[in-house]
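*Asks:*
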DNA sequence: TCTAACATGTAAAAAGTTACATGATTCA
DNA sequence: TGAATCATGTAACTTTTTACATGTTAGA
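Residue numbers (UniProt numbering), protein chains in the order written: chain B, 1 to 204; chain L, 1 to 204.
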């Protein structure tokens with residue numbers, strides 16, 4: 001999915017400046033979506049304007065001078081055609097999960113627990129936000145926007161539950177069994193010790 | 001998070017070829033992580049070898065000629081140092097959510113439902129996989145790998161539940177109320193109709 | 001014999017970030 | 001007066017994908 005369509009989507013809500021588009025994602029993406037940098041936004045706005053999807057309303061009157069962008073007829077059509085295209089499966093880059101699934105038995109579990117606690121806090125902050133935002137009295141949340149936020153809410157609650165379960169399992173040495181028919185856990189530790197050499201092998 | 005560290009992480013499990021690393025992500029990423037292309041993998045393997053993090057075991061004997069890569073002592077250390085760094089918050093690009101939250105009232109809800117149904121199928125396939133994989137009798141799943149898979153399972157189940165609730169709400173016109181203190185829904189539709197012109201405005 | 005899977009790689013393009021440069025306005 | 005926020009933009013860099021090129025081997 002392209003930044004271009006994401007920009008059109010934001011502009012469909014209301015005319016915005018480049019600065020505005022960035023801040024829209026800063027707090028409201030709510031773990032549903034990713035932000036973009038000015039280095040992406042401004043060149044894309046320029047490009048979209050040149051191609052006739054959006055136009056600028058230069059406002060030098062009300063205090064600051066800024067460029068508000070609004071969709072053209074062509075922009076609306078492009079946006080709506082994009083909406084109708086079946087969305088591709090989400091791309092997720094979750095470093096915590098990558099780290100946890102490759103964590104090995106010569107590593108200190110306390111460090112992993114601290115990673116989980118950090119994540120729990122971040123997730124809780126976002127959860128708090130998505131629970132308050134649709135009820136704050138001034139933000140615009142459409143009916144379908146509300147449904148999307150409901151997804152974020154359910155997902156974040158599930159995540160917190162999983163983190164709590166995982167910390168509990170790590171602390172009480174109550175981990176699931178796994179599946180290791182070929183003794184891979186042992187092989188891994190041996191490969192590592194052989195590579196590192198001697199008994200300098202314990203990383204705690 | 002870098003492709004380099006992800007490659008080191010995969011190699012920590014067992015020595016692998018470039019081809020192998022890609023297939024590792026093809027099926028096992030399980031919605032937890034993203035795949036990478038050969039155009040990323042092979043140059044990175046070369047670079048990691050040059051920098052002394054991995055070394056190649058060229059195997060021309062057993063049938064096919066291939067380059068198995070294994071971690072060096074330096075590679076193990078780099079991998080483990082990376083494991084200890086607090087992971088950054090996941091990056092998610094969920095096109096379905098972006099589309100749903102910017103869907104507007106002149107769009108056909110049936111199309112949105114078809115998007116949801118497609119996602120439900122994709123999610124169900126992955127869920128089935130993560131439920132069977134740790135019990136298939138031959139794959140290696142470490143204890144912490146099992147915990148990671150448990151996360152995927154919970155997350156995917158939650159997602160399916162949300163999809164079902166959402167489809168139900170869309171079909172029975174039972175959507176949540178949203179929050180629109182400034183009449184933005186109306187404003188949006190007016191801006192759109194003005195831009196598109198006349199009453200060609202209905203996109204169904 | 002043919003297809004699918006195995007296997008390695010490069011070049012060009014696309015996508016996106018970081019760092020920098022600049023300046024106005026608001027508010028404590 | 002100084003900091004935070006609003007505001008726009010570019011250049012260099014990094015990262016990653018796409019498309020191409022090439023060839024082997026196992027099995028139906």
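Beta carbons: idealized from backbone N, C-alpha and C, even for Gly.
Are there 16 or more other CB atoms within 10 angstroms of the CB of residue 204 of chain B, so buried, or fewer, so exposed?
*Replies:* Here residue 204 of chain B refers to the residue found at position 204 of the first chain. Residue placement at residue 204 of chain B is poorly supported in this model, since its pLDDT is 43, which falls under 50; the coordinates still yield a value, given next. Exposed, because fewer than 16 other Cβ atoms sit within 10 Å of the Cβ of residue 204 of chain B.
*Asks:* Who are the neighbours of residue 64 of chain B on chain L, taking C-beta pairs under 9 Å?
*Replies:* Position 64 of the first chain, counted from the start, is the residue given in the question as residue 64 of chain B. Those within 9 Å of residue 64 of chain B in chain L number zero; the least Cβ separation is about 22 Å.
*Asks:* Below 8 Å on the Cβ atoms is my guess for residue 178 of chain B versus residue 124 of chain L; work out the distance and round it to an integer in Å.
*Replies:* Reading the first chain from its first residue, position 178 is the one you call residue 178 of chain B. Reading the second chain from its first residue, position 124 is the one you call residue 124 of chain L. Not confirmed; about 24 Å, so no contact.
*Asks:* Taking 8 Å as the threshold (C-beta atoms), are residue 188 of chain L and residue 148 of chain B in contact?
*Replies:* Residue 148 of chain B sits at position 148 when you count from the first residue of the first chain. Residue 188 of chain L sits at position 188 when you count from the first residue of the second chain. Not in contact: residue 148 of chain B and residue 188 of chain L (Cβ atoms no closer than 8 Å).
*Asks:* Entirely within the segment 110-158 of chain B and at least 4 residues each: give me those alpha helix (DSSP H) ranges in chain order.
*Replies:* None, since the segment 110-158 of chain B contains no complete alpha helix (DSSP H) of that length.
*Asks:* Are there 16 or more other CB atoms within 10 angstroms of the CB of residue 99 of chain B, so buried, or fewer, so exposed?
*Replies:* Counting from 1 along the first chain, the entry for residue 99 of chain B is found at position 99. The residue in question, residue 99 of chain B, is buried, as its Cβ has 16 or more Cβ neighbours within 10 Å.
*Asks:* With DSSP as the reference, label residue 36 of chain L as helix, strand or coil.
*Replies:* The residue labelled residue 36 of chain L in the question sits at position 36 within the second chain. In the structure shown, residue 36 of chain L sits in coil (DSSP, three-state: anything other than H, G, I, E or B).
*Asks:* Quick one: residues in its chain with C-beta nearer than 8 Å to the C-beta of residue 164 of chain B, no 5 flanking neighbours on either side, listed in chain order?
*Replies:* The residue labelled residue 164 of chain B in the question sits at position 164 within the first chain. Here the set comprises 120.
*Asks:* In chain B, which residues lie with their C-beta within 7 Å of the C-beta of residue 115 of chain L?
*Replies:* Against the second chain, residue 115 of chain L aligns to sequence position 115. 86 and 87, listed in chain order.
*Asks:* Can you find a C-beta in chain L that's less than 8 Å from the C-beta of residue 171 of chain B?
*Replies:* On the first chain, position 171 is the one that residue 171 of chain B refers to. No, residue 171 of chain B lies away from the interface with chain L (no Cβ there is under 8 Å from its Cβ).
*Asks:* I want to see whether chain B comes within less than 8 Å of residue 53 of chain L, judged by CB atoms only; does it?
*Replies:* Position 53 of the second chain holds residue 53 of chain L. No, residue 53 of chain L lies away from the interface with chain B (no Cβ there is under 8 Å from its Cβ).
*Asks:* Could you name the residues of the segment 110-140 of chain B whose beta carbon sits closer than 8 Å to any beta carbon of chain L, in the order they occur along the chain?
*Replies:* 111, 112, 114, 115, 118, 119, 122, 134, 135, 136, 137, 138, 139 and 140
*Asks:* Tell me which residues of the segment 18-47 of chain B have at least one Cβ-Cβ distance to chain L shorter than 7 Å, keeping chain order.
*Replies:* Residues are counted here when their Cβ sits less than 7 Å from a Cβ of chain L; for the segment 18-47 of chain B these are 31, 32, 33 and 34, given in chain order.
*Asks:* Determine contact between the segment 87-99 of chain B and the segment 126-142 of chain B, defined as no fewer than three beta-carbon pairs at a distance below 8 Å.
*Replies:* no
*Asks:* Mind reading off the beta-carbon distance from residue 218 of chain B to residue 115 of chain L? Whole number of angstroms is fine, and I expect it under 8 Å.
*Replies:* The first residue shown for chain B is 1 and the last is 204, placing residue 218 of chain B beyond what the model contains.
*Asks:* Which one of B:186, B:75, B:56 and B:105 has the shortest CA to CA distance from residue 175 of chain B?
*Replies:* Position 175 of the first chain, counted from the start, is the residue given in the question as residue 175 of chain B. Comparing Cα positions, the closest option is B:105.
*Asks:* Taking only the alpha-carbon atoms, compute the straight-line gap between residue 53 of chain L and residue 126 of chain B and give it to the nearest angstrom.
*Replies:* Within the second chain, the letter at position 53 stands for residue 53 of chain L. Within the first chain, the letter at position 126 stands for residue 126 of chain B. Using only the alpha carbons, I get a separation of about 37 Å.
*Asks:* Does residue 175 of chain B come out as helix, strand or coil in the three-state DSSP assignment?
*Replies:* Counted from its first residue, the first chain places residue 175 of chain B at position 175. Here residue 175 of chain B sits in coil by DSSP.
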